[in-house]
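> Submitted below is the structure of interest, expressed as structure tokens.
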Amino acid sequence: MSSNQSHKSIVFGSISIDKIVNRHGSYSDVLGGSAAYALLANKQNTCELVGVVGDDFQDYHFDLLSNHSISTNSLTKLDGNTFCWGGEYQHDFSS
61 MSSNQSHKSI
71 VFGSISIDKI
81 VNRHGSYSDV
91 LGGSAAYALL
101 ANKQNTCELV
111 GVVGDDFQDY
121 HFDLLSNHSI
131 STNSLTKLDG
141 NTFCWGGEYQ
151 HDFSS
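Residue numbers (the working numbering): 61 to 155.
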């Protein structure tokens with residue numbers, strides 16, 4: 061493969077809506093999940109996110125991904141809720 065050909069990253073993994081509590085406040089509806097974070101960190105390739113989200117997955121979540129050149133063409137939206145993760149971090153963020 062020549063060096064001028066582009067590669068496409070396809071990522072399968074969790075996509076979630078996180079709820080975070082820390083010393084700065086409480087945050088809900090935060091885009092999360094290993095697949096989303098892996099793609100947002102990828103700066104080298106065109107990316108495609110493959111997965112399923114619920115009808116609570118908002119347009120601004122799709123926009124955040126699209127604004128980082130992540131294709132959501134293979135992201136399916138179904139009736140029901142998206143996987144949700146919640147965490148509370150202590151004052152020093154170590155736990």
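We put the beta carbon where it would ideally sit given N, CA and C, even for glycine.
Determine the closest residue to Thr-136 out of Lys-68, Ser-74 and Gln-150, with distance taken between C-alpha atoms.
That would be Ser-74, whose Cα lies nearest to the Cα of Thr-136.
> Going along the chain, which unbroken runs of the beta strand (DSSP E) with 3 or more residues stay wholly within the region 90-117?
Qualifying beta strand (DSSP E) stretches, in chain order: 106-114.
> Run the CB neighbour count on Ile-70, radius 10 Å, all protein chains shown included, and call it buried at 16 or more, exposed below.
Burial call: exposed.
> What are the residues that DSSP puts in a beta bridge with Leu-138?
According to DSSP, which records beta bridges pairwise, Leu-138 is partnered with Gly-114.
> Output yes or no for whether 7 Å exceeds the beta carbon distance between Ser-86 and Trp-145.
In this structure, Trp-145 does not lie closer than 7 Å to Ser-86 by Cβ.
> For a quick check, are the C-beta atoms of Asn-82 and Asp-116 less than 7 Å apart?
Going by C-beta atoms, Asn-82 is not nearer than 7 Å to Asp-116.
> Can you round the beta-carbon distance between Phe-122 and Thr-132 to whole angstroms, since I take them to be within the 8 Å contact cut?
Yes, Phe-122 and Thr-132 are in contact; Cβ-Cβ is about 5 Å, under 8 Å.
> Using the rule of at least 16 other Cβ atoms within 10 Å of the residue's Cβ for burial, across every protein chain shown, is Phe-72 buried or exposed?
Burial call: exposed.
> Measuring straight from C-alpha to C-alpha, what distance separates Val-90 and Leu-100?
C-alpha separation (whole angstroms): 14 Å.
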